[in-house]
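Novice: Starting off with a structure, shown below.
Numbering (UniProt numbering), first residue to last: 1 to 290.
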């Protein structure tokens, strides 16, 4: 394979695609935007298949939104669907820079071509086979010369708002190691942030419970009754704002819960509940008449 030099400005993946296609009207920014749209429209699909390798897709989307940012597996998979073609990624072996006449460059995408004397390469590059069917062909990457499946999409042709980008049916590029130190740090940072956030939410919930318990303990019977009246008024205001069907459904649910609660109580407990209700009614009447 013969590597072709492209600018190493962070857009090297898109520059390689443009160089292989020969379409000078397209720009790296256009391909980057179309790749970003593909990831946003099918975020869950890519997350379920690639997140365990390169981290959360939302972090990748933030990175892709910045021009001249380096590309990873998400960009290769999404760009393969945008262009409606297969993309193969070939990685060099360790120390390949010295063993391959200084042709390999780490962390950099370049297009690869077969030698011109190879008749297979001439037929392959001279007669691109763009799929005209509604389904997108299988996408695959090559890691250490071993093909692994990236995705077999099932999207509708109507979802594609862009015109097909004319490229050969197989585009071969070189890529850096997928599991990079940056990816590991990003995964560790995301996990740490999630743990800290969950701890903060739990701490705030505990504080709210403690404040409510302290307020109930410090409130006098009259204050407690006033709080209940205010809560009932708020509930009544919410019910008036709801549709009649919703109000009726909530009322039916409340009746069922009350009936289930009463059925589970012992006779002594039922009598105690009635006594408490009588006391509350008496306090309420006293507060209204005063």
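Each residue gets a CB set at the ideal place from its N, CA and C atoms; glycine is no exception.
Predicted model only: the values in this text are computed from it and were never measured.
Taking all protein chains shown into account, do 16 or more other C-beta atoms lie within 10 angstroms of the C-beta of residue 19, making it buried, or fewer, making it exposed?
Specialist: buried
Novice: Could you tell me the boundaries of the beta strand (DSSP E) in which residue 90 lies?
Specialist: 86-90
Novice: Please state the DSSP three-state secondary structure of residue 113.
Specialist: strand
Novice: Residue 90 to residue 13, Cα distance in whole Å?
Specialist: 13 angstroms
Novice: How is residue 28 classed by DSSP in three states: helix, strand or coil?
Specialist: helix
Novice: Tell me the start and end of each unbroken alpha helix (DSSP H) in the stretch 37-84 that is at least 4 residues and wholly inside, in chain order.
Specialist: DSSP runs (the alpha helix (DSSP H)) wholly in the stretch 37-84: 43-54, 57-64 and 73-83.
Novice: Taking only the alpha-carbon atoms, compute the straight-line gap between residue 286 and residue 239 and give it to the nearest angstrom.
Specialist: 27 angstroms
Novice: What alpha helix (DSSP H) runs, 4 residues minimum, are completely inside the stretch 243-282?
Specialist: 244-264
Novice: Take residue 113 and list the residues in its own chain whose beta-carbon comes closer than 6 angstroms to its own, dropping the five residues that flank it on each side.
Specialist: 2
Novice: When burial is assigned at 16 or more other CB atoms within 10 Å of the CB, is residue 246 buried or exposed?
Specialist: exposed
Novice: Looking at residue 80 and residue 109, is the spacing between their C-beta atoms short of 8 angstroms?
Specialist: Between residue 109 and residue 80, the C-beta spacing is not below 8 angstroms.
Novice: Have a look at residue 58 and residue 78 and give me their C-alpha separation to the nearest angstrom.
Specialist: Cα to Cα, the separation comes out at about 14 angstroms.
Novice: Which of the three DSSP states, helix, strand or coil, is assigned to residue 17?
Specialist: In this structure, DSSP gives residue 17 a helical state, which the three-state scheme calls helix.
Novice: Using only CA atoms, which one of 229, 182, 275 and 35 lies nearest to residue 288?
Specialist: 229
Novice: Quick one: Cα of residue 66 to Cα of residue 207, how far?
Specialist: 40 angstroms
Novice: May I have the straight-line CA-CA distance separating residue 190 from residue 200, to the nearest angstrom?
Specialist: 15 angstroms
Novice: Tell me whether residue 3 sits in a helix, a strand or coil according to DSSP, three-state version.
Specialist: strand
Novice: Applying the 10 Å Cβ sphere with the 16-neighbour rule, what's the burial state of residue 181?
Specialist: exposed
Novice: Let's see if you can read the secondary structure: which residues bound the alpha helix (DSSP H) around residue 183?
Specialist: 181-218
Novice: Am I right that residue 39 and residue 17 are in contact with their C-beta atoms under 8 angstroms? What's the rounded C-beta distance?
Specialist: At roughly 16 angstroms, the Cβ-Cβ gap does not stay under 8 angstroms, so residue 39 and residue 17 are not in contact.
Novice: Helix, strand or coil, according to DSSP, for residue 8 in the structure here?
Specialist: coil
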